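Line order of the protein sequences matches chains A, B and C.
Using UniProt numbering, you'd call the opening residue of the first sequence number 1 and step up by one each time.
Using UniProt numbering, you'd call the opening residue of the second sequence number 1 and step up by one each time.
Using UniProt numbering, you'd call the opening residue of the third sequence number 1 and step up by one each time.
Cβ coordinates follow ideal geometry from the N, Cα and C atoms, glycine included.
Predicted, not measured: the structure shown is a model, and the values here were computed from it.
So the structure is just underneath, and the comments pick up after that.
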Amino acid sequence: MATILRSAASAFFEYDTPRITHIRSKKVGLINRFLQLIIIGYIIGYVIVYQKGYQDTSKVQSAVTTKLKGIAFSNYSDISSIGERTWDVADYVIPPQESNSFFVMTNVVPTLMQTQSTCPEDPTVDGIQCENDEYCESLKGASFLKGNGPITGKCVNSDFPNFNGTKVCQIRGWCPVENDDMLSNLTEPVLQDSRNFTVFIKNNIVFPKFGVARRNLPDNEDDQYLSKCQYDSHSSRDKFCPIFRLETILSDAGIQFENISAEGGVMQIVIDWTCNLDYSVDNCVPSYTFQRLDRGDLKISRGFNFRYADQFGVFLDDGSYKLYRNLYKAYGIRFLITVQGTAGKFSIVPLLLNIGSGLALLGVSTIICDIVVLYILKGRHFFREKKYLDVKASDAFQILDEEEDETPSKNRAVQRKVTVSS
Amino acid sequence: MATILRSAASAFFEYDTPRITHIRSKKVGLINRFLQLIIIGYIIGYVIVYQKGYQDTSKVQSAVTTKLKGIAFSNYSDISSIGERTWDVADYVIPPQESNSFFVMTNVVPTLMQTQSTCPEDPTVDGIQCENDEYCESLKGASFLKGNGPITGKCVNSDFPNFNGTKVCQIRGWCPVENDDMLSNLTEPVLQDSRNFTVFIKNNIVFPKFGVARRNLPDNEDDQYLSKCQYDSHSSRDKFCPIFRLETILSDAGIQFENISAEGGVMQIVIDWTCNLDYSVDNCVPSYTFQRLDRGDLKISRGFNFRYADQFGVFLDDGSYKLYRNLYKAYGIRFLITVQGTAGKFSIVPLLLNIGSGLALLGVSTIICDIVVLYILKGRHFFREKKYLDVKASDAFQILDEEEDETPSKNRAVQRKVTVSS
Amino acid sequence: MATILRSAASAFFEYDTPRITHIRSKKVGLINRFLQLIIIGYIIGYVIVYQKGYQDTSKVQSAVTTKLKGIAFSNYSDISSIGERTWDVADYVIPPQESNSFFVMTNVVPTLMQTQSTCPEDPTVDGIQCENDEYCESLKGASFLKGNGPITGKCVNSDFPNFNGTKVCQIRGWCPVENDDMLSNLTEPVLQDSRNFTVFIKNNIVFPKFGVARRNLPDNEDDQYLSKCQYDSHSSRDKFCPIFRLETILSDAGIQFENISAEGGVMQIVIDWTCNLDYSVDNCVPSYTFQRLDRGDLKISRGFNFRYADQFGVFLDDGSYKLYRNLYKAYGIRFLITVQGTAGKFSIVPLLLNIGSGLALLGVSTIICDIVVLYILKGRHFFREKKYLDVKASDAFQILDEEEDETPSKNRAVQRKVTVSS
């Protein structure tokens with residue numbers, strides 16, 4: 001027992017360190033130091049300083065709400081479905097609120113007071129034009145994918161002004177059908193004034209690992225300023241203002257309002273919170289960039305639009321009611337808000353990990369120099385002799401054999417076997 | 001000064017390499033080479049080739065917009081709230097546009113022309129059935145969580161056809177109340193034709209690190225094809241068509257339209273962009289998979305439905321007005337679109353990092369062989385002698401002691417102390 | 001040929017192991033063992049056990065749908081636009097369904113039966129108050145950013161009860177304009193009962209790497225319980241109930257219903273799925289936490305509200321129609337649902353990687369001890385002698401020179417050159 005304890009204690013006070021061949025050579029030393037310099041430079045310069053390898057990082061978590069403001073006035077007294085009217089936020093933001101995105105209508109084709117009945121189909125639908133009832137009768141009950149309802153079987157005059165005299169099959173559905181052609185009479189989009197709308201983007205973020213919460217309202221500004229300011233990327237003060245004029249967003253992305261307002265499009269607003277929390281948290285401020293996400297060179301997928309409708313019932317004189325709806329084909333700009341960013345803060349753990357992997361990488365310089373010394377240099381045989389101690393397993397067993405003469409004979413067979421197999 | 005410089009210069013031209021015991025043994029050599037083979041095979045075969053360890057990677061960023069097309073016709077002339085009517089995209093997509101998702105109504109319970117007044121409560125609400133006013137009077141002002149309004153205190157005849165003769169408490173609220181039972185009279189969902197609706201999914205993606213932008217429209221197809229094609233996973237051409245028939249989505253996920261259309265459900269459309277940018281960017285194309293997200297075996301959480309209403313005012317003869325609304329309980333399929341994917345491109349940094357960690361891993365084979373050689377092999381004492389150079393700290397201090405005789409005596413006490421404590 | 005094969009075979013049966021100086025020293029041994037203990041403790045205790053370094057991990061993928069229930073009754077017979085009425089789910093959830101979020105209206109300013117015409121502007125708009133037509137004439141056609149339409153040029157009496165006698169410019173737009181002041185007459189929010197609303201959150205998740213799908217419905221509960229239960233964080237059973245009373249969510253986040261209901265706000269519901277799949281999958285259950293995301297100390301960004309409208313047409317006696325709308329300024333609570341979590345499962349690969357980097361880290365203890373032994377200890381020269389074998393490159397070439405006498409003379413010049421440059 002005492003022996004075991006003593007040998008355990010002696011094992012405890014031991015320490016192993018590799019034996020080193022220390023070679024003094026200008027050529028190899030130079031290679032060695034040069035490689036070490038590159039590796040240390042990479043670790044310190046790139047990994048630790050440039051990549052901030054001494055920092056622990058945390059991804060941003062975010063909540064965004066938006067509020068649009070602005071009034072548009074349309075003066076199309078010749079187009080009865082639009083007329084002279086004012087469009088406000090409840091008219092042009094659809095749906096009224098969303099997460100991380102909002103839609104602003106810039107152009108619209110209203111089709112008012114539709115009701116379920118029968119009427120001539122849109123003459124631009126493929127195969128809908130007819131000369132007599134026979135053709136339509138053969139399609140009775142069918143509905144074209146791009147049509148507005150099932151065909152009743154009658155051939156009637158189109159009610160589209162541009163297709164005066166054309167005959168089309170009659171359909172059953174929401175009548176009258178939408179006439180998309182209306183837009184071609186317009187010189188500019190209906191909500192031309194939408195370029196001046198502003199959006200107030202409220203962005204609360206948190207870096208959960210560091211318990212840091214921020215928002216995109218400048219800390220040092222008063223309410224007076226915040227209620228009047230407008231974002232301007234070129235102003236050192238206004239570039240933190242969270243109120244954006246739509247045309248500013250577009251022009252910062254290199255888009256002309258005229259090129260997107262008629263047919264719509266998809267824009268991205270990127271809010272970047274890249275924060276170095278080793279400095280004051282006051283320096284943790286957002287930066288905004290803007291870009292267009294859709295590219296419109298194919299005919300079938302140009303722009304951004306969708307249809308929505310308000311339904312309502314109208315009482316008839318006999319006390320019964322009829323369903324009506326106002327249909328809108330809304331063209332406009334869909335804004336997606338992406339909040340990204342990472343915060344870094346000094347932490348001993350990533351620093352040690354990077355230093356550790358740097359030390360491991362230093363071994364690479366030894367490997368390369370070894371190749372030079374042992375395989376390339378003229379004196380390679382000499383260096384190899386100094387670095388390597390050649391041991392043959394058979395020598396070990398010769399010694400064993402000699403020692404074995406004193407060991408009991410029952411072990412001898414086993415040991416012979418080992419000698420042979422090794 | 002010159003001495004310091006010279007010794008610094010000499011230190012600069014040095015190079016350290018570990019001294020190695022080179023053991024020639026079939027047994028250990030075999031183990032060593034076998035382990036090295038496994039490690040090198042793992043590094044090259046798995047990490048570098050299979051896992052593409054030579055590539056830098058970038059996650060996909062994406063924007064999705066959708067456009068539904070299709071017409072449904074319902075022919076329920078016996079159910080007055082539905083009747084014979086056509087349902088179009090403005091009727092069945094609610095809300096009209098969303099980010100990364102869309103909802104298609106497949107079944108509906110309309111309750112038209114509701115207005116704020118008093119009426120009999122839904123008789124299926126627990127505890128609402130009564131025999132006389134006394135019971136209802138005791139509940140006056142209370143509202144059941146699943147009820148439609150506060151109880152007025154009167155006991156009245158139910159107006160539900162299936163509960164003819166049943167008496168229920170009267171409530172104040174939107175009247176008449178919704179009668180969910182209507183659906184049980186239907187043999188198939190109201191928007192039975194919704195199986196043929198198509199959705200055009202426009203997906204613009206970008207891999208920010210590589211500056212590669214793509215969209216899910218085949219580059220080499222003309223507008224003619226794109227306006228007519230339909231997705232088909234079995235066709236080498238149509239599997240890139242971004243227009244999906246709803247029934248195709250369901251059947252690819254192993255779902256029968258009949259099993260989801262009546263009560264609704266939640267489907268996921270996964271668009272996967274896994275791109276190897278070492279090849280032509282033309283090969284960076286999406287693949288689509290579909291699955292059902294909700295599983296409906298518990299009664300309380302089956303399917304997917306929600307209620308929405310269109311409100312409107314109706315002028316009365318005396319010039320005042322009254323609020324009305326049409327309430328819809330919409331059953332349908334909620335489609336969530338998930339865009340995922342990673343692009344890889346050759347980069348020297350991850351390749352070096354993987355080779356580096358591979359070299360470090362090679363050390364494991366030495367450790368395992370050392371265990372075999374030093375603890376298991378018969379000749380372990382011999383090998384240990386060759387590997388280890390035994391040094392006792394006391395020897396160091398004996399030498400020191402001898403050398404010390406020449407050092408000034410004031411240092412001697414300190415050095416003795418060291419000798420004792422080490 | 002046979003020679004090459006034989007030497008290749010002999011190289012195959014070799015094995016290199018570093019030669020070690022084994023130092024027996026209490027002081028250094030102690031430092032060494034202490035450092036090793038810290039490193040091994042860090043690896044095993046922190047990395048492997050605490051951080052579960054033996055597990056492969058997978059991030060959660062999730063789909064959330066919500067369903068609100070509850071009835072509110074408002075009894076403001078003195079405010080005609082609200083009156084005595086019942087609010088149900090189709091009234092207070094706007095839009096009716098969203099992904100990962102929902103909005104509950106708690107307070108509202110309705111402006112009913114607006115139509116496009118001319119009327120006095122809101123007197124609280126800056127610069128709108130006038131004394132005579134001249135002032136308004138100078139602003140004709142302009143619209144204030146916070147106004148409701150372009151100015152017609154007339155100066156008229158305000159129709160706001162609180163601004164009796166004030167004159168303001170007339171505008172063209174949706175008339176009458178919204179009177180936000182109405183709220184100041186209320187002692188409590190219109191939908192005071194919204195505190196009792198409940199939301200059923202259906203959350204289906206999947207850990208794709210492990211093929212594990214779960215949902216937030218307790219497996220072992222019957223439909224009876226699930227249709228009646230309410231979430232309670234203090235109950236071991238009810239803390240898994242997926243039905244949440246709104247006031248419970250608020251109070252768990254430390255928010256009084258009274259402090260958020262009048263002006264609205266943004267709340268976050270975090271569903272955390274942190275699962276150890278080494279145990280039964282039945283233990284993989286969600287936990288819920290709640291917090292408020294917006295902080296309201298600046299005037300301009302307090303609370304959460306937005307405007308929406310229901311539009312409808314009204315037929316006039318002459319058969320033509322006029323557009324009307326009901327405008328609502330909706331105050332309420334926006335709930336964002338964040339699903340997060342990671343599942344871990346035993347896997348040999350991360351375990352080996354962590355053990356591997358742990359072994360590499362052990363080298364640090366040798367480096368530190370080497371510093372102590374070679375630079376600090378009194379016997380450093382002795383130890384250095386034992387660890388290092390000093391080799392001068394010039395010795396190598398002296399030997400070469402001697403050997404060279406037997407090599408052909410044409411190589412001699414080249415070898416001399418090498419000797420000089422190394």
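Check, Outcome
"With distance defined between alpha-carbon atoms, name the residue in 58/B, 173/B and 280/B nearest to residue 86/C.", "173/B"
"Going by DSSP, which residues form a beta bridge with residue 18/B?", "20/A"
"Run down chain C in chain order and give the residues with a C-beta less than 8 Å from the C-beta of residue 87/B.", "Here the premise fails: no neighbours, minimum Cβ distance about 17 Å."
"So for residue 305/A, helix, strand or coil by DSSP?", "strand"
"Out of 291/C, 293/C, 329/C and 295/C, which one is the CA nearest neighbour of residue 309/C?", "329/C"
"Who pairs with residue 129/A in a beta bridge, going by DSSP?", "168/A"
"Give the DSSP-derived three-state secondary structure of residue 274/B in the structure shown.", "coil"
"Determine the contact status of residue 156/B and residue 74/B, defining contact as a CB-CB distance below 8 Å.", "no"
"Strictly under 8 Å for the Cβ-Cβ distance: is residue 71/B near chain A by that measure?", "yes"
"For a contact meaning CB atoms closer than 7 Å, what does residue 97/C contact in chain B?", "103 and 306"
"Taking only three categories from DSSP, how would you classify residue 350/B?", "helix"
"Please classify residue 216/A: does DSSP put it in a helix, a strand, or coil?", "coil"
"Mind listing the chain C neighbours of residue 26/B? Cutoff is C-beta to C-beta under 7 Å, in chain order.", "13"
"Of the choices 179/C, 152/C, 170/C and 169/C, whose alpha-carbon is the least far from that of residue 162/C?", "179/C"
"Could you please give me the residues that DSSP links to residue 241/A through a beta bridge?", "In the DSSP output, where bridge partners are listed per residue, residue 241/A has none listed."
"Enumerate, from N- to C-terminal direction, the unbroken beta strand (DSSP E) stretches of 3 or more residues contained entirely within the segment 339-396 of chain C.", "342-346 and 388-392"
"May I ask you to list, following chain order, the residues of the segment 165-177 of chain C that have a beta carbon less than 7 Å from some beta carbon of chain A?", "172, 173 and 174"
"Consider the C-beta atom of residue 323/B and the heavy atoms of the ligand GTP; say whether any pair is separated by less than 7 Å.", "What this structure holds is no ligand at all, so the ligand GTP is not there to describe."
"Assign residue 192/A to buried or exposed, taking buried as 16 or more other Cβ atoms, counted over all protein chains shown, within 10 Å of its Cβ.", "buried"
"Among 387/B, 286/B, 254/B and 208/B, which has the Cα closest to the Cα of residue 239/B?", "286/B"
"For residue 389/B, which residues in chain A fall below 7 Å Cβ to Cβ?", "19"
"Determine the burial state of residue 246/A: buried for a count of at least 16 other Cβ atoms within 10 Å of its Cβ, exposed for fewer.", "buried"
"In angstroms, rounded to a whole number, what distance separates the CA positions of residue 102/A and residue 336/A?", "7 Å"
"What residue does the alpha helix (DSSP H) around residue 225/C start on, and which one ends it?", "223-226"
"Would you verify that the beta carbon of residue 360/A is, or is not, closer than 8 Å to some beta carbon of chain B?", "yes"
"In terms of DSSP beta bridges, what is residue 69/A paired with?", "198/A"
"Return the chain-ordered list of same chain residues with a C-beta closer than 6 Å to the C-beta of residue 326/B, the five sequence neighbours on each side being excluded.", "112 and 310"
"Contact check, residue 69/C vs residue 93/C under 8 Å by CB: the rounded distance?", "Not quite, the Cβ-Cβ distance comes to about 10 Å (not below 8 Å), so this is no contact."
"Answer with yes or no whether the minimum CB distance from residue 261/B to chain C is below 8 Å.", "no"
"How would you call residue 67/A, buried or exposed, if buried means at least 16 neighbouring beta carbons within 10 angstroms?", "buried"
"Any chance you could list the alpha helix (DSSP H) runs of at least 4 consecutive residues sitting entirely within the segment 112-158 of chain A, in chain order?", "133-138"
"Out of 277/A, 166/A, 331/A and 281/A, which one is the CA nearest neighbour of residue 260/A?", "331/A"
"Would you check if there are 3 or more beta carbon pairs closer than 8 Å linking the segment 197-208 of chain C to the segment 50-67 of chain C?", "yes"
"Does any CB atom of chain C fall closer than 8 Å to the CB of residue 57/A?", "no"
"Quick one: what's got a C-beta closer than 8 Å to residue 208/A's C-beta in the same chain, skipping five residues either side?", "58 and 61"
"Below 7 Å CB to CB, which residues in the same chain sit around residue 8/B once its five sequence neighbours on both sides are set aside?", "none"
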